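Chains as they are written, first to last, in our numbering: chain Z, 1 to 157; chain D, 1 to 162.
Where is the CB? At the ideal position from N, CA and C, for every residue including glycine.
Being a predicted model, the structure only gives us computed values, none of them experimental.
Remarks on the structure that follows.
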Amino acid sequence: MADDSTDPGALDEGTENAALREAVAAEHAAVWGYGVVGAALDAGARGQATVSETAHRDVRDRIIELLDERSADPVAAEGAYALPFPVLSPTDGAALAVVLEDGVAAAWVRVLDQAVERTTRELAIGALTAAEVRAVGWRLAAGQSPATSAFPGLPKQ
Amino acid sequence: MSPPPPSGPPGFSRRTLLAASAAGLAFLATGCTSSSADEREKVTSQQADSLSAQIAVQATVVAAFAAAAAADPGLGAEVADLVAQAEEQLARLRAAAPGNSASASPAAGGAPPAPETRAWLSGQVAAASTSHATACLDQSGARAALLGSIAAGLAGQTVRLA
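Right, dumping it as C-alpha cells:
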C-alpha cells in the first residue's frame, strides 16, 4: 500500500536542489567578493585572487547548469553585497577571502548533508576541499591562527 | 572600496554565506548520533562498516603525527595544533559511528628521519583525506557531511605541511 505521507526530514531531490541553490548563492557572493579581495591585495598577490575567483565562477556555472537540467531555478546573483568589515589593506583582503571560502565551505557541507545523488556528493566534496585548501592559504596571508580547520563548513560545537 | 550603505543590499558575510550554517546544520554540531538523525538517514550496514573503517584511517593519521614527532621533534612541535585537530576529528568520527565499535590499532609505520619526515607525514595526511573523501560518496546525510568536512580539513593540513 502506498504511503502518501511525507517525511519532512527525508532526503530527496528537493532537499538536494535546495542545498544546491544555497551553494549557488554562496558562489555568486564569492565571485563578487574576490573582486574586492583583488583590489585590496598588493599587485604580486592578485594572481591568487584571480585564480580563486575563476575557480568559484567555474563551480557556480556547473551548479547552475545542473539546476537548469533539473528545471530548478538557480539563485540569481545580487547586484552587490555588503562587506562584513572594511577592506582597506592586503591583510583585510586576505581576511575577506577567508570569510568567502568559509561561507562557501558551509554551503557545500550543507549539500553533502542534503544530497541524494552520489554525483552531487562528488561535486560537493571537490568544491569543499578546494575551498578549504584556498582558505588555509588566505588564513596564513591574513596572519590568522590556526590556519587550518578540523571541520571546515561545520558549525562549531 | 567604499563601505556599503547602512541599508544596502544583502550581505554575504552574515546572510548569504552563513545562512547555510544557521539553516539546518545545528544537529551536526552535536555529533551525528542523535536519534532524529539516525531515524532520518536509516544507515545501512555497509555505510556503518565504511564509517568504522574511516575511524581506523583517522587513527592512522594520529599515529603518523606521533611517529613524525618522534623522528623529528622540531616538526612535532611545529604541528602540535594539527595533531590536536586530527585527534578531534577522530573523536567526532568515533561518536558518529553506529555502535561506536571500531577501535582498530593504528598502523602508520615508522617515520623516516628528517628531512624526509615532513614529506612522509604530508603523504600520510593526504592519503587519509582521499580515503575519507571517497568514503563520503557512499554515505548520506550528517555522516557524509562529517566525512567530507574531515577530508577537507586534512587536505588543508597538507598545505601547512608543504
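Alpha-carbon to alpha-carbon, residue j and residue i
i, j, result
"E88 (chain D)", "S140 (chain D)", "21 Å"
"E13 (chain Z)", "L67 (chain Z)", "11 Å"
"A114 (chain D)", "P146 (chain Z)", "24 Å"
"L90 (chain D)", "A59 (chain D)", "7 Å"
"Q124 (chain D)", "V43 (chain D)", "29 Å"
"A152 (chain D)", "S71 (chain Z)", "30 Å"
"S137 (chain D)", "A77 (chain Z)", "Before going further, note that residue 137 (chain D) is Leu rather than Ser in the sequence given. Cα to Cα, L137 (chain D) sits roughly 29 Å from A77 (chain Z)."
"R46 (chain Z)", "G38 (chain Z)", "5 Å"
"D92 (chain Z)", "V24 (chain Z)", "25 Å"
"A56 (chain D)", "G148 (chain D)", "16 Å"
"A19 (chain Z)", "A71 (chain D)", "45 Å"
"G99 (chain D)", "A115 (chain Z)", "24 Å"
"Q54 (chain D)", "A82 (chain Z)", "41 Å"
"R62 (chain Z)", "E22 (chain Z)", "14 Å"
"A68 (chain D)", "I64 (chain Z)", "44 Å"
"D38 (chain D)", "A144 (chain D)", "Note that D38 (chain D) scores a pLDDT of 47, beneath 50, so its modelled location is shaky; the value from the coordinates is reported in the next line. Cα to Cα, the separation comes out at about 13 Å."
"R110 (chain Z)", "A127 (chain Z)", "12 Å"
"R160 (chain D)", "W138 (chain Z)", "12 Å"
"D42 (chain Z)", "T50 (chain Z)", "13 Å"
"P155 (chain Z)", "V83 (chain D)", "20 Å"
"A77 (chain D)", "E116 (chain D)", "16 Å"
"A133 (chain D)", "A96 (chain D)", "16 Å"
"A10 (chain Z)", "A162 (chain D)", "41 Å"
"V103 (chain Z)", "A80 (chain D)", "Looking at the sequence shown, residue 103 (chain Z) is not Val but Gly. Each residue's Cα considered, the two are about 27 Å apart."
"L93 (chain D)", "W120 (chain D)", "24 Å"
"P86 (chain Z)", "G44 (chain Z)", "21 Å"
"R57 (chain Z)", "P73 (chain D)", "43 Å"
"W108 (chain Z)", "S122 (chain D)", "25 Å"
"A142 (chain D)", "G109 (chain D)", "32 Å"
"E117 (chain Z)", "A66 (chain D)", "38 Å"
Residue i burial status per 10 Å Cβ neighbour count (16 or more: buried)
i, result
"Q46 (chain D)", "exposed"
"G35 (chain Z)", "exposed"
"Q157 (chain Z)", "exposed"
"V61 (chain D)", "buried"
"L112 (chain Z)", "buried"
"G79 (chain Z)", "exposed"
"D73 (chain Z)", "exposed"
"S89 (chain Z)", "exposed"
"A142 (chain Z)", "buried"
"E69 (chain Z)", "exposed"
"E132 (chain Z)", "buried"
"T119 (chain Z)", "exposed"
Residue i vs residue j beta-carbon contact at 7 Å
i, j, result
"A135 (chain D)", "S52 (chain D)", "no"
"T129 (chain Z)", "A155 (chain D)", "yes"
"E16 (chain Z)", "V31 (chain Z)", "no"
"P84 (chain Z)", "V99 (chain Z)", "yes"
"A26 (chain Z)", "Q85 (chain D)", "no"
"L146 (chain D)", "R118 (chain D)", "no"
"T158 (chain D)", "A111 (chain D)", "no"
Supposed contact pair residue j and residue i - C-beta distance, whole angstroms, cut 8 Å
i, j, result
"P152 (chain Z)", "A105 (chain Z)", "5 Å"
"E101 (chain Z)", "A135 (chain Z)", "4 Å"
"H28 (chain Z)", "V59 (chain Z)", "The Cβ separation is near 11 Å, so there is no contact."
"L123 (chain Z)", "G33 (chain Z)", "Not really, about 21 Å apart at Cβ, beyond 8 Å."
task: May I ask you to list, following chain order, the residues of the region 52–63 of chain D that have a beta carbon less than 9 Å from some beta carbon of chain B?
output: Although the question refers to chain B, the structure presented lacks it and instead comprises the protein chains Z and D.
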